[in-house]
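Peer 1: Count along the sequence shown from 1, add 112, and you get the number used in my numbering.
Questions regarding the structure given below will be posed in turn.
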Amino acid sequence: MGIHQDTIDNSVNEVEAILALADGSIFRGISIGAAGSRVGEVVFNTSMTGYQEVLTDPSYAKQIVTLTYPHIGNTGTNTEDGESGDINRKHQVWAEGLIIRDITMTTSNFRSSESLVDYLKRHETVAIAEIDTRKLTRILREKGSQNGCIFTASNGETITDADIEQAIKLANEFSGLEGLDLAKECSSKEGFVWTEGTWELADRGVHGVTESETGGYFKKLGEHIEPKFDVVAYDFGAKTNILRMLVDRGCKVTVVPAQTPIADVLAMNPDGIFLSNGPGDPAACDYAIENVRHLVEETDIPTFGICLGHQIIGLASGAKTMKMKTGHHGANHPVQDLKTKVVMITSQNHGFALDEDSLPAHIKSTHRSLFDGTNQGIELTNKPVFSFQGHPEASPGPNESSALFDKFAEMMQQAKQA
113 MGIHQDTIDN SVNEVEAILA LADGSIFRGI SIGAAGSRVG EVVFNTSMTG YQEVLTDPSY
173 AKQIVTLTYP HIGNTGTNTE DGESGDINRK HQVWAEGLII RDITMTTSNF RSSESLVDYL
233 KRHETVAIAE IDTRKLTRIL REKGSQNGCI FTASNGETIT DADIEQAIKL ANEFSGLEGL
293 DLAKECSSKE GFVWTEGTWE LADRGVHGVT ESETGGYFKK LGEHIEPKFD VVAYDFGAKT
353 NILRMLVDRG CKVTVVPAQT PIADVLAMNP DGIFLSNGPG DPAACDYAIE NVRHLVEETD
413 IPTFGICLGH QIIGLASGAK TMKMKTGHHG ANHPVQDLKT KVVMITSQNH GFALDEDSLP
473 AHIKSTHRSL FDGTNQGIEL TNKPVFSFQG HPEASPGPNE SSALFDKFAE MMQQAKQA
């Protein structure tokens, strides 16, 4: 792979910045991203790695992400790890802002092509460092996620009392995520066919290995698999690795915008339908709920939903959703399979959940969080439809729940043989 030279980031200037919460809490730090101010719902993520994947995950739209791990930026960023599944916005940063404790000034990774600071500035993402993220996380855990504003000073100037008042005002003026339909904003605007499968790092000279733009070598795993299933994927803010995992299971994946009428999808005669992850309040996605209601009531097409897609299946089947106090954001969440009693460590990113007490008789709960007991999976007893709240594709995080993609493929195979 060649010798990698560590790079030292000299792009951080000591520009003052503050984080203001709607409750009046103020955190002072320095700006490590773009200048200006941004408002959003402040949440905390407990992942130790994967900050580039977090920033580019569409599910973080309108959210300011606090990373609880203290040292961020060690591995820089690269051109391959973006998670936005929209083929035309593959590298877009969706998080409204970033909050960290310490920015690492030395980037050391053979795949790195750019420091995190330069990456944030290039993507015009406001970010703040050198604040007490432990104290902030305790506030969010005890009071719940709340609106906040990152406000940066102009070069050479200091944050004034008027700036602080303005930042608190902006935080309180933000409407929050309840009732907000963000899926149609993060969705692709046009349909497309996704063909890229997963890949793994490999040694130079191995058969099938390709050199990446950043000098590493990787082997593509799924692209040479002959497609066995035609799958239509509703894009509510899909992550790249979800689409790759479907390709690995022999799926020809046609991605369609969130508001595509179900009649148009059924006209494609798919073997299966996939409902992606996405941001915002699922109850606000009335078009998606109505589409899935028709899908479930009028067809027997195997259907699999993840995250927002999971919640939409529940809503379309008569269940209700609820806003969570802090949500689940991280790569270390234990989830139990209620049938096998097996516990999986999963990647999670959601602020709403299905209310298990509201599940109709024909919906069975299949998975449950061992952190707070919230619902993590359902299946319909009268249709080949199931869903999972967490992220079995990970990226970042463990892949212990990736077998759910195998279950989807098995359902489609059984339907074709019926």
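For glycine and all other residues, C-beta sits at the position ideal for the given N, C-alpha and C.
1) With the cut-off set at 9 Å, would you say Phe-348 and Ser-299 are in Cβ contact?
2) So, is Gln-423 buried or exposed, given that buried needs 16 or more other C-beta atoms within 10 angstroms?
3) Taking Cβ positions, are Gly-362 and Ile-337 nearer each other than 9 Å?
4) Looking only at C-alpha atoms, which of Ile-490, Thr-493 and Gln-460 sits nearest to Glu-165?
5) Going by the beta-carbon positions, is the gap between Ser-481 and Val-447 smaller than 9 Å?
6) Give the DSSP-derived three-state secondary structure of Val-359 in the structure shown.
7) Give me the Cα-Cα distance between Ala-207 and Ser-257, rounded to the nearest whole angstrom.
8) Any idea if Asn-200 is buried or exposed, counting beta-carbon neighbours within 10 angstroms, 16 or more meaning buried?
9) Hey, quick one: how far does the beta strand (DSSP E) through Thr-478 stretch, first residue to last?
10) Roughly how many angstroms separate the alpha carbons of Thr-264 and Gly-502, rounded to a whole number?
11) Helix, strand or coil: how does DSSP classify Thr-171 here?
12) Within the continuous alpha helix (DSSP H) that includes Val-404, where are the two ends?
13) Compare the C-alpha of Arg-250 against each of Ser-470, Thr-158 and Asp-193 and name the closest.
14) Can the beta-carbon of Val-154 be found less than 9 Å from the beta-carbon of Asn-259?
15) In angstroms, rounded to a whole number, what distance separates the CA positions of Asn-494 and Ser-171?
16) Please work out which residues of its chain come closer than 6 Å, Cβ to Cβ, to Ile-240, disregarding the five sequence neighbours upstream and downstream, and give them in chain order.
17) Assuming contact is defined by CB atoms lying nearer than 9 Å, are Lys-435 and Leu-282 in contact in what I supplied?
18) Note down the Cα distance separating Ala-506 from Trp-306, rounded to an integer number of angstroms.
19) For Pro-373, count the other beta carbons within 10 Å of its own beta carbon; 16 or more makes it buried, fewer makes it exposed. Which is it?
20) Of all the alpha helix (DSSP H) runs that stay within the bounds of the stretch 247-302, which reach a length of 4 or more residues?
21) Can you name the start and end residues of the beta strand (DSSP E) that Glu-181 belongs to?
22) Determine the contact status of Val-497 and Phe-286, defining contact as a CB-CB distance below 9 Å.
23) Any idea if Met-113 is buried or exposed, counting beta-carbon neighbours within 10 angstroms, 16 or more meaning buried?
24) Mark Gly-185 as exposed unless 16 or more other C-beta atoms lie within 10 angstroms of its C-beta, in which case mark it buried.
25) Output the distance between the C-alpha atoms of Gln-371 and Thr-438, rounded to the nearest integer angstrom.
Peer 2: Let's see:
1) yes
2) buried
3) yes
4) Gln-460
5) yes
6) In the structure shown, Val-359 adopts helical secondary structure according to DSSP, grouped into three states.
7) Their backbone Cα atoms lie some 15 Å apart in a straight line.
8) Exposed, since its Cβ has fewer than 16 Cβ neighbours within 10 Å.
9) 475-481
10) 34 Å
11) Strictly speaking, residue 171 in this sequence is Ser, with Thr absent from that position. Helix.
12) 398-410
13) Taking each of Ser-470, Thr-158 and Asp-193 in turn and checking the Cα distance to Arg-250, the smallest one comes out for Thr-158.
14) yes
15) 30 Å
16) So the qualifying residues of the chain are Ala-129, Leu-131, Gly-141, Ile-211 and Ile-262.
17) Between Lys-435 and Leu-282, the C-beta spacing is not below 9 Å.
18) Between Ala-506 and Trp-306, the alpha-carbon positions lie close to 19 Å from each other.
19) exposed
20) Taking only runs of at least 4 residues, the alpha helix (DSSP H) segments lying wholly in the stretch 247-302 are 273-285 and 295-298.
21) The identity of residue 181 in the sequence shown is Tyr, whereas the question assumes Glu. Per DSSP, Tyr-181 belongs to no beta strand (DSSP E) and is neither H nor E.
22) no
23) Note on Met-113: pLDDT 35, under 50, position unreliable in the model; the coordinate value appears next. Under this definition Met-113 is an exposed residue.
24) buried
25) Whole-angstrom Cα-Cα distance: 29 Å.
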